[in-house]
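Have a look at the structure below, then the notes.
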C-alpha cells in the first residue's frame, strides 16, 4: 500500500511569506503528526491530529498551525516565515496514535 | 521530564561487528520505545519498537534491550553491514496521549566500514 506522501518535496520562500505543506497519510490511518528536523535541534514535535481534532501541540510559536480534513489528509501552515524556519518538515501517520508511526520523506523548506 | 538522551553521537564499526546505541529517558509515563533509521534525503523509517512489558525484542539482526528500572534502552545491530550506515534515532512516547508526540534522541551517525 502507498506510504505517507508529502508535497511539495522542496520549497524556497522569502522571509515574511507564508507556506502550506501537505500530507496524505497511509490509507486507514487516522492520526497525523508533524515534526521539524534541523541539524541543531534534531527532530521536534509540532502537533498531532486525530479524527480532525488537534490532540497535542509542541512548543512552537503560534505562526505554526495545522489542520486535518475528514479524509485524514493534513496540512500545516507557517506564517511570517523566518530564516530559522528552514528545516525538513516531516509528517507521520499512525492507525490509532498509540505507536507505529510511519514517516513521509518530508518537505525541505528553505527560507531566504 | 521529556528528554531522551542518546549516545554515542557517532559510531564506526567494522563490517560483521556489533553496533550498539544507547538511550536513556526520564519520563516514567513513556510506554512505547521505537528506533528509527534515516538515510540522507529520506524520512525516518521505523526499525523496531518495544513496550516496557518485555526486556528484549529481536527482529532479524536488530535487537532492543530494555531496562525499565534504569530507564534505559539500547539497539544492537548484529553482523553490521555497510548498508546499515545511516543515522539512528531512538524515541519514546506515552501512547495514552499524555506526551507530546514522539520525543526523539539527537541521533547516532553510524558508519560501517567494509
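Protein chains in written order, with my numbering: chain A, 5 to 116; chain B, 23 to 136.
Backbone N, C-alpha and C fix where the C-beta goes; we use that ideal spot for every residue, glycine too.
Problem set entry | DSSP three-state assignment for residue 88 of chain A, whether helix, strand or coil | Note: residue 88 of chain A maps to helix in three-state DSSP.
Exercise. Does DSSP put residue 63 of chain B in a helix, a strand or coil?
Worked result: coil
Problem set entry | Within 9 Å of chain B by C-beta, residues of the region 10-38 of chain A in sequence order | 10, 37, 38
Exercise. At least one CB of chain B closer than 7 Å to the CB of residue 85 of chain A: is that the case?
Worked result: Chain B, which has no Cβ nearer than 7 Å to the Cβ of residue 85 of chain A, makes this no.
Exercise. Using the beta-carbon of each residue, which ones in chain A are nearer than 9 Å to residue 32 of chain B?
Worked result: Chain A residues near residue 32 of chain B: none, gap ~14 Å exceeds 9 Å.
Problem set entry | For residue 127 of chain B, three-class secondary structure by DSSP | coil
For this session: Give me the Cα-Cα distance between residue 108 of chain A and residue 29 of chain A, rounded to the nearest whole angstrom.
Result: 8 Å
For this session: Return no unless some Cβ of chain A is closer than 7 Å to the Cβ of residue 126 of chain B.
Result: yes
Exercise. For the putative contact between residue 127 of chain B and residue 26 of chain B, defined by C-beta atoms under 8 Å, what is the C-beta separation to the nearest angstrom?
Worked result: 5 Å
For this session: Please state whether DSSP places residue 136 of chain B in a helix, a strand or coil.
Result: coil
For this session: Taking residue 87 of chain A as the reference, give the member of A:73, A:115, A:71 with the closest Cα.
Result: A:115
For this session: From the DSSP output, in three-state form, read off residue 65 of chain A for me.
Result: coil
Exercise. Using a C-beta to C-beta distance shorter than 9 Å, which residues of chain B count as neighbours of residue 69 of chain A?
Worked result: Taking the beta carbon of residue 69 of chain A as reference, no residue of chain B falls within 9 Å; the closest one sits roughly 16 Å away.
For this session: Return the Cβ separation of residue 31 of chain B and residue 131 of chain B in integer angstroms, given the expectation that the two are a contact with Cβ distance under 8 Å.
Result: About 7 Å; that satisfies the 8 Å criterion.
Problem set entry | Proximity winner among A:69, A:36, A:33, A:58, relative to residue 24 of chain A (alpha-carbon distances) | A:69
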